[in-house]
Every structure is written in C-alpha cells, then in structure tokens.
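For the protein sequence lines, the chains are A and B, in the order given.
Under numbering that gives the first Met the number 0, the first residue of the first sequence carries the number 0, and numbering increases by one thereafter.
Under numbering that gives the first Met the number 0, the first residue of the second sequence carries the number 0, and numbering increases by one thereafter.
Please read the structure below before turning to the comments.
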Amino acid sequence: MIVIGVGTPFRHDDGAGPAVVDALRDRTPPGVTLAVTDGEPARLIELWAGADLAVVVDAVRADPPRPGRVHEFHDAVADDGHGHVTGHGLGLGAAVELARALDRMPAHLHVYAIEGTDFSLGLGLTPPVAASVRRVADLITPDGAPP
Amino acid sequence: MTHQRDRTLTVGALARVEGEGALYVRTRGGAVEDVRLNIYEPPRFFEAFLRGRAYTEPPDITARICGICPVAYQMSACQAIEDACGVRVEGTLNELRRLLYCGEWIESHALHIYLLHAPDFLGYPSALHLARAHKPLVERGLALKKAGNALLELLGGRAIHPINVKVGGFYRVPARAELEPIADTLRAALDDALATVEWVAGFDFPDVTHDHAYLALTGDRYPLEGGTLRTDDGVAFPAERFGDHVVESQVPHSTALHATLDGRRHLTGPLARYAVNHERLTPVAAGAARAAGLDGPCRNPFRSIIVRAVEVVYAVEEALRIIDAYAPPPAPAVPVPARAGVGHGVTEAPRGVLYHRYELDADGLIADARIVPPTAQNQSAIEEDMRQVVTANPDLDDAALTAVCERAIRNHDPCISCAAHFLDLTVDRR
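Next up, the structure:
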C-alpha cells in the first residue's frame, strides 16, 4: 500500500495532501509507503504502479465550493474533460487514464479529494481543511481505506 | 466519475489549481493588435519568504518553487550562497552536482518531449491519446524519464524536492557500488535517447523563424551547473553582472515581471544553449544532432523538441562519464562559514537560465533574495512567437487558434510552478 499526498504546503490549502502524509508519518504500519508529489502524472504513475492499493489525497476546488468537504473515489476517476494538455498540469484524472492506457494502474486506487478555498502562496491550511486533514488521516489505515 | 456521498461531480469542476494563467489575443481586421500572456510567478513570494532566514535554507525552500526543476533551484541557490561566503565547490562534489543536474534534464526533457510536446506534432490531443495509439513509444519516454529519476533519487535523496543537497555539497554522497546499477540503466537509456532524436526529427515542423536574442551559459563543457553568460551574438558577462544586463520590469497585464537583455527581447533554454554551445556536445550527441538536421543555431521554436532530445543524449552520456570517473570525495560537503556579502548563482535549468542573488549579513541571515526564473525571461519571446502564429493564421476559429497558441507556448516548455497552469484563452476579434 502506498499513500500519496499531492500538492505543495507553500500554497495554503493545496498542502492538504502532504499534510495528511505528515500526519501519518508516526503511525504508519510496516509495508505502507508514504510519498508526496506535485501531481505530475508520470510521477504519480511511477509511484503507484505495481501497488496493491494506492491511496491518493489531493486538494481540489469545487463549484459550488464547500471548503473541507471530502470527496471519495474508488478506482474510477475520469479524465478531466478538457481532453488536452496545457502546460504540465494534466491532473489526477488524466494520470489515471494515462496509467490505464499503459497498464500501470495499482490493483486498487482510492482517492480522497479535500475541497480547499485558499490556493494562494503561503503556509498554513484554512481551518475547515485542517479539520478534514485530521479526519482523512484517521480514515487511512490498511483496513480503513478499502478498495 | 461517482461521488460517494451526495452527488455526481465531474473532475472538470475539481481542479487542483486553475485560472492563474491567461492568454489574451486581440485582432482588428485580421491584424494582431495585442498578445498578452498572463502568468503567475511564485518566485516573488519566495524572495520575501527567504528574507530573515538562515543562509543554509534556500536550497531546500527554493526547491519547492518548481516540482519539475527543483535541482535547478537548489544548484543556483547553493552557488549564489557559496559565492557570498567566498567558497567555491569544485572537483568531485561539483561533478556530483552535475550528475544530479543530468538526472533533472533527462527527467524534465523526457516528460516534455513525450507527454507534452510530441502529441502536438502527431495530431493527438494529449499524451493519453498518444499512449492509446502508440503505447510502446510512450513507454520508451517513461523509461527514459525513469532513468533520470533514478539519479535524482540516489543523489537527491528523493525525486521530488530532493533533500540531500546542502550549501557546500551534500549531506551524503553515494558509494561507487550504488552508482553502478544506475550506469546499467543509463546505458539502456542512451539507446532510447538516440531513438528519440531520430523519432522527433521526422516530425513535420511549421516553417517559422524567430529573431530573439539567445542567452545561455557557456564554458569548457556543455552548460549545466555553471559557466559564463553569453549571447549568440557574442555579448559575454559573468553571473555577478546578470542584473546589469537582464532587467525585469512590471507589465500591467501580468503578475510576472518581464525581463529584457540589454533592452532586447531574449530567449533562454534549449535553443539558446544549443546555439551558443553546440560545439561542446559529445561526438555522439553532436552526430545525432547533425543526423536530425541541426546544423548550428536553430531559430525555429517548433524544432526545440529536437534540441531537447539531443540534450537528453548529452545528459545521459555525461552522466555515464561522471559515474565512470567517480571516486567518493573525502567529505560529502565543504565547510561554508557565514559572512556578510552578496553572492550570485546562475545555472541552466532544463528550460533556461536560472539566476539567484542573495545578500547575507554577518550572522548568515538573508537580507535580500532575488530569483529570476527562465520562464519570466522567456515571456516576451513567447508572446512574440504567439503574435507570429496568430498573424499567420487569421482564418482559424477560436478553438483552432487556441490550439495553435498552446503549441507556440509549449515550444518553450513553461514550467507549471514557474509560469503557466491551465491557460484560459480570450480572443477579441472584430
């Protein structure tokens, strides 16, 4: 099992994924790998390829917004609908589709997407996102993140 | 996509970062009046964030400016701080830095060539579509990228935001035996890199020529971790004169600063590096370049994909050379005692010249920091390239014009964090 936190702590709520990984550092059972990445699809694919279970925690914006709301997805994350690439930012959905095309999906993928509100540069999560980080960290155990 | 608890959402409404880059094109009667690229630029934040911090911190902090080129930020930061402290890192430690940088070039260029740029030339809307149609090709690209990753993981401690780099050298240096498996990987990668040059050389390239001044580092070797700045028309200056020649100014339409070189629009990156340094390539890389039709400086931005592929060949060969000659240094780092002073560092990030300047007080606290990333320098050149393609394609509808503009931008590989994410295009034409 691998837990992957996507994002950067230098952009406030974008640090939700890495914050979950940090919260797990002192209580990770043997056999669970922790990783933090920027969301670049090829890196995500390298991290999760061959894993029995990959848990990805990412911060997202949603419309309409409800900061701190947690969305969960099992094994089904669609393409981002844009259908094209602009810059490096292909997104998690594109990473999943690319991994499928290359047969490099983990056996099971579980995604926690935490809705953020402040993605500007700076340290610190907004209170609802910080609360959700604690909640998601508690949910992620080898038994608690079922495929 | 399903949402487990309350309703269905599309990922299109869930994006990590969006709306921070925008492209605006205004035409009147078929003539291009204005092209503006609005990019978001984190270095300003990091410059402020660094003030008052210890002189040992910039390599770790600035590595987080960019997920794609953290090594570049670390190398320019280390070099600038060591310069301020009157220390020069040489010999094996510098070779290890160069080796780490080779890893970043291989990884970054392979990503750009295969997942971002090649689909443009082959008529696929994305890497996903390319992967579905040509799985072995994309697998070759990922294998190349992974070879670079292996270097980053060994020397940097991890591939993303490497943690093993410090002012003066490294926290830990590898044993020779640790490098040998990577050499095996790199020997296989060299075949893939050469095949990549041959592959991209066969693409169809729009007939476009630009006239930007080219700025790159140069020295005894093809430039990565250091050297002297030089333009393709022979203006040369050292790192400490960077601020005299490259001047940034605010433009109303962008949070990023626009930089000019002695008042001229300029370009850094593979095309500039190759123009200034093509004679410093290894024989194999130079031969691949010639076979791909690159004879001396190239002024077609679309052909930058060939130059990147040639640079991957060079980086793989250079990595193998460094590994072959490697014997561990006596210490993983040299001492860098703090002192009051100003230091400058310039290295060649995959997408161009990256400049850092630090002013330290006697206790080693940072009084001032300045970071000039390649994409900020390239912004005016990118806008000019877009002006050219919009002018050449007056009859395209907005969707087709967007695609053309995105291609023109991708030619210069702007960095996700240094520059553009998720560009929104506005076309105003009457």
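Just so you know, even glycine gets a beta-carbon here, dropped at the ideal spot from N, CA and C.
Query raised in the report: Taking C-beta to C-beta, are Gly140(B) and Tyr113(B) nearer than 8 Å?
Result: The answer is yes: Cβ separation under 8 Å.
Query raised in the report: If you measure beta-carbon to beta-carbon, which residues of the stretch 60-91 of chain B are closer than 9 Å to chain A?
Result: Ile60, Arg63, Ile64, Cys65, Gly66 and Ile67
**Report entry** Closest residue to Ala109(B) among Arg97(B), Leu95(B), Arg298(B) and Arg307(B) (Cα-Cα distance)
**Finding:** Arg307(B)
Query raised in the report: Hey, does Lys145(B) have any beta-carbon neighbour from chain A nearer than 8 Å?
Result: yes
Report task. Give me the Cα-Cα distance between Gly30(A) and Ile139(A), rounded to the nearest whole angstrom. Result -> Their Cα atoms are separated by approximately 14 Å.
Query raised in the report: Does Thr7(A) come within less than 8 Å of chain B when only Cβ atoms are used?
Result: yes
Report task. With a cut-off of 8 Å on the beta carbons, I'd call Val5(A) and Gly49(A) a contact; round off their distance for me. Result -> No, Val5(A) and Gly49(A) are not in contact; Cβ-Cβ is about 19 Å, not under 8 Å.
Query raised in the report: At a Cβ threshold of 8 Å, is Glu347(B) touching chain A?
Result: no
Query raised in the report: Gly156(B) to Arg10(A), Cα distance in whole Å?
Result: Straight-line Cα distance between these residues: approximately 23 Å.
Requested in this report: Excluding the 5 residues preceding and the 5 following Pro126(A) in the sequence, name in chain order all residues of the same chain whose CB lies nearer than 6 Å to its CB.
Outcome: none
Query raised in the report: So, helix, strand or coil for Leu120(A), using DSSP?
Result: Coil.
Query raised in the report: Can you list, in chain order, the residues of the stretch 387-405 of chain B whose Cβ is nearer than 7 Å to any Cβ on chain A?
Result: Glu405
Requested in this report: Apply the 10 Å Cβ neighbour rule to Cys351(B) and answer buried if 16 or more other Cβ atoms are within range, or exposed otherwise.
Outcome: Before going on, a small fix: residue 351(B) reads as Gly here, not Cys. By the neighbour-count rule (16 or more Cβ atoms within 10 Å), Gly351(B) is buried.
Query - Euclidean distance between Cα positions of His81(A) and Gly92(A) - result: Because His81(A) carries a pLDDT of 37, less than 50, the predicted location of this residue cannot be relied on, and the following value inherits that uncertainty. Distance between the alpha carbons of His81(A) and Gly92(A) is about 10 Å.
Query raised in the report: What distance in whole Å lies between the Cβ atoms of Ile3(A) and Leu43(A), which are believed to be in contact at a cut-off of 8 Å?
Result: 7 Å
Requested in this report: Compile a chain-ordered list of the residues in the stretch 122-146 of chain B whose CB is closer than 7 Å to at least one CB of chain A.
Outcome: Pro124, Ser125, Ala126, Leu127, Ala130, Arg131, Lys134, Val137, Glu138, Leu141, Lys144 and Lys145
Query - Beta-ladder partner(s) of Glu177(B), from DSSP - result: None; Glu177(B) has no bridge partner.
Report task. Evaluate Ala187(B) with the Cβ neighbour count: other Cβ atoms within 10 Å of its Cβ, from every protein chain shown; 16 or more gives buried, anything less gives exposed. Result -> The residue in question, Ala187(B), is exposed, as its Cβ has fewer than 16 Cβ neighbours within 10 Å.
Query raised in the report: For Val132(A), does the count of other Cβ atoms within 10 angstroms reach 16, so buried, or fall short, so exposed?
Result: buried
Report task. Compare the C-beta of Ala41(A) with all C-beta atoms of chain B and state if any pair is closer than 8 Å. Result -> Ala41(A) counts as touching chain B.
Query raised in the report: In chain order, what residues of the same chain lie with their CB nearer than 6 Å to the CB of Thr195(B), ignoring the 5 residues before and after it?
Result: Ala308
Query raised in the report: Are there 16 or more other CB atoms within 10 angstroms of the CB of Ala117(B), so buried, or fewer, so exposed?
Result: buried
Query - Beta carbon of Val56(A) nearer than 8 Å to that of Val19(A) - result: Taking 8 Å as the Cβ cut-off, Val56(A) and Val19(A) qualify as a contacting pair.
Query raised in the report: Does any residue of chain A bring its CB to less than 8 Å from the CB of Asn148(B)?
Result: yes
Query raised in the report: Which first and last residues belong to the alpha helix (DSSP H) in which Arg386(B) is found?
Result: Pro373 to Ala391
Query raised in the report: Based on Cα-Cα distance, which residue from Asn299(B), Gly167(B) and Arg356(B) lies nearest to Asp439(B)?
Result: With chain B represented from 0 up to 429, any question about residue 439(B) goes unanswered, as that position is not in the structure.
**Report entry** Secondary structure, alpha helix (DSSP H): runs of 4+ residues fully inside the stretch 258-326 of chain B
**Finding:** Taking only runs of at least 4 residues, the alpha helix (DSSP H) segments lying wholly in the stretch 258-326 of chain B are 269-276, 282-290 and 303-324.
Query raised in the report: Going along chain B in order, which residues have a C-beta closer than 9 Å to the C-beta of Ala106(A)?
Result: What Ala106(A) touches in chain B: nothing, since even the nearest Cβ is about 19 Å away.
Query raised in the report: Roughly how many angstroms lie between the CA atoms of Asp294(B) and His277(B), to the nearest whole one?
Result: 9 Å
Requested in this report: Kindly indicate the opening and closing residues of the alpha helix (DSSP H) around Val335(B).
Outcome: First-last for Val335(B): undefined, no H or E at that position.
Report task. Determine the closest residue to Thr36(A) out of His265(B), Lys165(B), Gln376(B) and Ile67(B), with distance taken between C-alpha atoms. Result -> Ile67(B)
Query - Length of the line joining the Cα atoms of Val172(B) and Leu178(B) - result: 11 Å
Query raised in the report: Between the beta-carbon of Ala215(B) and the beta-carbon of Ala287(B), is there less than 8 Å?
Result: With respect to the 8 Å criterion, Ala215(B) and Ala287(B) are not classified as neighbours on the basis of their beta carbons.
Query raised in the report: In terms of DSSP beta bridges, what is Ser248(B) paired with?
Result: His257(B)
Report task. Examine chain B for any beta-carbon lying closer than 8 Å to the beta-carbon of Thr85(A), and answer yes or no. Result -> Note on Thr85(A): pLDDT 27, under 50, position unreliable in the model; the coordinate value appears next. Interface annotation, Thr85(A): in contact with chain B, CB-CB separation under 8 Å.
Query - Supposed contact pair Leu98(B) and Phe169(B) - C-beta distance, whole angstroms, cut 8 Å - result: Between Leu98(B) and Phe169(B) the Cβ distance is about 11 Å, and since that is not below 8 Å, they are no contact.
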